[in-house]
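Going by this note's numbering, the sequence shown opens with residue 7, and the numbers climb by one from there.
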Amino acid sequence: MYPALILNDVVVLPDGITDPFAFSGEPGEPGHQDAQPEAAPEVAGPITLGGYQFDKPVRFSNAGGTYRGRALASGREVFIKEARAHNGLSWDGSTAQDRLRREHAVLSAIDGQAPGLCPEPLDYFREWEHDFLVTEFIAGTPLTTWVATQNPFLQADQDRGRYRDYYNRCLAILDGLAAALDGLHRIGYAFIDVNPGNVLVDEAGSPRLVDFETASRLDGPLHRMAAPGYYPPDTDTAQDPAALDAYGLSALALFLLLPLHQPAQRCPATLRHLRRELDEHCPVPERLWRLVTRFHTPRFGTASHTARLPSPAAVAQDPRTHLAGLRDAVADALTAMADHHDPDALFPTVPRGHATNTLCLAYGTAGVVHALHSAGREIPRGVAERLRADAMRYRAELPPGLHVGSAGLAWVLAELGWYDEAGAVLAAAGASPLAGARATLGEGTAGIGMTHLALYHRTGDAGQLDRAAGLADAIPRGPALVDVLGPDDAVGLLHGRAGIALFLHYLAQASGDDTYQVRGSQLLDEELARAIPLPDGELSFPDSAVVRRAMPYLFVGSAGVLFTAARYLGHRQDDPLLLPKIQRIRRDVVKTNAALAGLYPGLAGLGFTLAEYADLTGDDQAAAQAMRIGRGLFKYAVPGPSGVRMHGDRTLRFSADLWSGSAGVLLFLDRLLSGRRDAFFTFDAVPAGAASDLELTPRAAGA
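What follows is the structure, encoded as structure tokens:
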């Protein structure tokens, strides 16, 4: 009899074993079990095990944690890695404890032959069912953090000296890692899992390899576990342990510039667009670029690709023509992604979509339909009908919000001309017990109110305007507002005060009641007060009062705050402080690189915001910057038989969603090229104080 194993966070029980804490049946029914495991007792004072004090957790997983600690006998600072019993089952059948014991043996062998090449192993002990490996503590910054703070391509435009210095530091890191890998190979070992999470950089810029869990003998079985993008897709390279390390080093070189591993593996021609963009800032050293492209042969497509990328030179010469081609190719592929046989998701989405719902604007069918409709494309036959049927069927079960729930479905149904259904779905949003739990644009009251305004502008029904005003009046004021924002006093367009201020701005326009404008302006000022000054003068914004990372994006960060603030400029022309703040925020949005191409958390959202800002303010420079960002989308584009597809959140799969996938890219490209207003759920083209004459004819095929 064997205990349960955990594979990818799912408990796998042995045959004949049942979970004693599983719930079955209802309370009072036969077979119902309401017993719960006892809560772990709270520990007072420092935690000590095996002669070591555990000072600080570094990272947790189901397989075990890693900790910073010290030896009680000597006071020496140490690094402790834990492996829990019956956890971390991998593809080869090994568990976390199997791999930790193997790592200890490998570290001991390497350290015995070449001290300093790996972390020095100090101890291995067991406490209850848990194993612990103790090594020297290596001070340094994880390479992921180092790149996020040092890479000038992820920041606002810098002078060429900053880029040149960064290239040199990247080469020094890569040279140091190459030397370490060569040293391993000389004594008969390969590292295998070369990725940014396994590299620390010290204050002098020198790298160290850490986490030797997968290190293998060159002449023995390989322990193939590697981060996505850092393991070769071709069989020949994957069979050669030294080549595996070389591939990982090449992937690290690309990561240091921009993590485009999945597009580069699927279409190496994307790297030519990256090179052109980097060279516009400062020419990339040939030695660095050779390392980046060592395993990627750039080409314009393969025989299976009916859509092909234009050359970077062609895009630079005639950007509008080629961006129009990209827009159309993205739309073509997007319509081809519909899978009518999948009962769970009509369009491929990101994991967050399956965790939330696959109908909503951000992650689901409604967002794809909205993007196609906004771009003037015909909705594929059956797609609109399924959206209508699913929205009506599940309206009472969905969360109520604009971006993640039923209010967003109502907005899109109204776009398609189905006003009765839109009203029914929006009524369900308002009746949801979750409707008052958040006041935000993304999932709460402000988003529901915006949808009432959308129906008012489309139908002229004054009752919709009254309902929007009632929702605004119900939003708490003062300190009580914090309780109905996103977690931890959230900041930004979807979860913070900026989104509520956007709603109040449009409500004031529609109703003629300036008190909403004043209230929204106060909320905007409160949001602006949360800004984080950056070293080069930009203003950025954190996720929340607790998570303080500076973010530039549309869903949270500078772009989302700018999206709202630009709409208040016309009402605060006598405010000498607002425009300078907005200009500093805009500088944080002017980036041509991001890890993702998408709308909410990526490059397309930055470009969309700048295009909006240009129209609202008449700023020609912002318009040029938006066009430059549009050109930058070619480095994410993957041609295929049906058109061009984009990777979604985490870049591990193609996705159709509005959040991070192809639909969001389409929405931006059409906004950039057509100048179409109000594509991202606004009312700037609507006359103030009146319902609009927006198009009421559905574009859905067969609707």
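Glycine included, C-beta positions come from ideal geometry on N, C-alpha and C.
Cα-Cα separation, residue i to residue j
{"i": "L639", "j": "Y58", "result": "51 angstroms"}
{"i": "F143", "j": "V205", "result": "13 angstroms"}
{"i": "R634", "j": "L616", "result": "11 angstroms"}
{"i": "D181", "j": "L284", "result": "21 angstroms"}
{"i": "A620", "j": "D98", "result": "55 angstroms"}
{"i": "L228", "j": "V595", "result": "44 angstroms"}
{"i": "A309", "j": "R464", "result": "The pLDDT assigned to A309 is 38, lower than 50, so where the model puts this residue is not dependable; a value taken from the coordinates is nonetheless given after this. One C-alpha to the other measures close to 47 angstroms."}
{"i": "P539", "j": "L584", "result": "15 angstroms"}
{"i": "T241", "j": "A249", "result": "11 angstroms"}
{"i": "S517", "j": "G436", "result": "20 angstroms"}
{"i": "R192", "j": "E83", "result": "30 angstroms"}
{"i": "D676", "j": "V140", "result": "56 angstroms"}
{"i": "D165", "j": "E286", "result": "11 angstroms"}
{"i": "A89", "j": "R74", "result": "15 angstroms"}
{"i": "L700", "j": "Y425", "result": "With a pLDDT of only 46 at L700, under the threshold of 50, the placement of this residue in the model should not be trusted; the figure read from the coordinates follows. In a straight line, the C-alpha of L700 is about 13 angstroms away from that of Y425."}
{"i": "W665", "j": "F131", "result": "46 angstroms"}
{"i": "D350", "j": "T364", "result": "7 angstroms"}
{"i": "Y169", "j": "M557", "result": "21 angstroms"}
{"i": "D137", "j": "I588", "result": "54 angstroms"}
{"i": "A257", "j": "T220", "result": "17 angstroms"}
{"i": "N4", "j": "Y173", "result": "What the structure shows of the chain is the stretch from 7 to 709, and residue 4 is not part of that stretch, so it cannot be assessed."}
{"i": "S546", "j": "L183", "result": "33 angstroms"}
{"i": "L55", "j": "D61", "result": "11 angstroms"}
{"i": "L580", "j": "D663", "result": "In the sequence as displayed, the identity of residue 580 is Asp instead of Leu. So the alpha carbons of these two residues sit roughly 41 angstroms apart."}
Whole-number beta carbon distance between residue j and residue i, since they are thought to touch under 8 angstroms
{"i": "G649", "j": "G667", "result": "Not really, about 13 angstroms apart at Cβ, beyond 8 angstroms."}
{"i": "N599", "j": "L160", "result": "6 angstroms"}
{"i": "A610", "j": "G670", "result": "5 angstroms"}
{"i": "S222", "j": "P247", "result": "6 angstroms"}
{"i": "D542", "j": "A162", "result": "6 angstroms"}
{"i": "L408", "j": "L378", "result": "Not really, about 19 angstroms apart at Cβ, beyond 8 angstroms."}
{"i": "E135", "j": "A69", "result": "With 8 angstroms as the limit, E135 and A69 do not qualify as a contact, their Cβ atoms being about 13 angstroms apart."}
{"i": "L762", "j": "R592", "result": "The requested residue 762 is not part of the displayed model; the chain covers only 7 to 709."}
{"i": "V290", "j": "R282", "result": "Contact flag wrong, Cβ pair sits at about 10 angstroms."}
{"i": "L672", "j": "R333", "result": "6 angstroms"}
{"i": "T72", "j": "I53", "result": "Not quite, the Cβ-Cβ distance comes to about 14 angstroms (not below 8 angstroms), so this is no contact."}
{"i": "G194", "j": "D225", "result": "7 angstroms"}
{"i": "L315", "j": "P645", "result": "6 angstroms"}
{"i": "R536", "j": "V497", "result": "5 angstroms"}
{"i": "P121", "j": "G203", "result": "Not confirmed; about 24 angstroms, so no contact."}
{"i": "C176", "j": "L262", "result": "4 angstroms"}
Other residues of its chain near residue i: CB distance less than 7 angstroms, five sequence neighbours each side excluded
{"i": "L187", "result": "F197, D251, L255"}
{"i": "A344", "result": "L352, F353, P386, V389"}
{"i": "E532", "result": "R503"}
{"i": "G146", "result": "L206, V207, D208, R214"}
{"i": "G613", "result": "A632, I635, G636, F674, L678"}
{"i": "D684", "result": "D690, A691"}
{"i": "E421", "result": "H376, H379"}
{"i": "R108", "result": "none"}
{"i": "D117", "result": "C124, E126, P127"}
{"i": "A460", "result": "W417, A420"}
{"i": "Q103", "result": "A89, A91, D137"}
{"i": "V488", "result": "D495"}
{"i": "R394", "result": "L419, W424, E427"}
Close Cβ partners of residue i (< 6 angstroms) along its chain, the five nearest in sequence each way excluded
{"i": "V431", "result": "A397, R401, S412, L415, A416"}
{"i": "L113", "result": "C124, P127, F218"}
{"i": "I481", "result": "A445, T451"}
{"i": "D494", "result": "S550, A551, V552"}
{"i": "P439", "result": "none"}
{"i": "H376", "result": "V418"}
{"i": "P693", "result": "none"}
Sequence-distant residues of the same chain with beta carbon closer than 8 angstroms to residue i, five excluded per side
{"i": "N303", "result": "Looking at the sequence shown, residue 303 is not Asn but Thr. If we look at T303 and ignore the five residues flanking it on each side, its Cβ neighbours are P274."}
{"i": "T623", "result": "A572, L575"}
{"i": "P4", "result": "This structure cannot speak to residue 4, because the chain is shown only from 7 to 709."}
{"i": "A514", "result": "D520, T521, Y522, Q523, G526"}
Residue i beta carbon near the ligand MN (any heavy atom closer than 7 angstroms)
{"i": "M557", "result": "The ligand MN is not among the ligands present in this structure, which contains no ligands whatsoever."}
**Request:** Give a yes or no on contact between the stretch 496-512 and the stretch 436-450, applying the rule of three or more CB pairs nearer than 8 angstroms.
**Result:** Contact between the stretch 496-512 and the stretch 436-450 is present, because at least three Cβ pairs lie under 8 angstroms.
**Prompt:** Does the stretch 504-524 touch the stretch 451-458, meaning 3 or more C-beta pairs lie closer than 8 angstroms?
**Reply:** Two segments are said to touch when three or more pairs of C-beta atoms, one from each, lie closer than 8 angstroms; by this definition the stretch 451-458 touches the stretch 504-524.
**Asked** Of all the alpha helix (DSSP H) runs that stay within the bounds of the stretch 609-654, which reach a length of 4 or more residues?
**Response** Segments of the alpha helix (DSSP H) lying fully in the stretch 609-654: 609-623, 626-637.
**Stretch pair the stretch 369-378 + the stretch 321-331: three plus CB contacts closer than 8 angstroms** = They do not touch, by the three-pair rule.
**Request:** Check whether the stretch 258-275 touches the stretch 286-300, taking contact to mean three or more Cβ pairs, one atom from each stretch, closer than 8 angstroms.
**Result:** Two segments are said to touch when three or more pairs of C-beta atoms, one from each, lie closer than 8 angstroms; by this definition the stretch 258-275 touches the stretch 286-300.
**Asked** Unbroken beta strand (DSSP E) runs of length 3 or more, entirely within the stretch 275-354: which are they?
**Response** If we require 3 residues or more, the stretch 275-354 turns out to have no beta strand (DSSP E) run fully inside it.
**Start-end ranges of the alpha helix (DSSP H) lying completely within the stretch 486-534, minimum 4 residues** = You should have 503-517, 520-534.
**Request:** Counting only runs of 4+ residues fully inside the stretch 377-423, write out the alpha helix (DSSP H) ranges in chain order.
**Result:** Runs of the alpha helix (DSSP H) inside the stretch 377-423: 389-400, 412-421.
**Request:** Please specify which runs of the alpha helix (DSSP H), each continuous and at least 4 residues long, are wholly inside the stretch 421-464, giving them in chain order.
**Result:** Secondary structure within the stretch 421-464: the alpha helix (DSSP H) runs of 4 or more consecutive residues, fully enclosed, are 425-437 (chain order).
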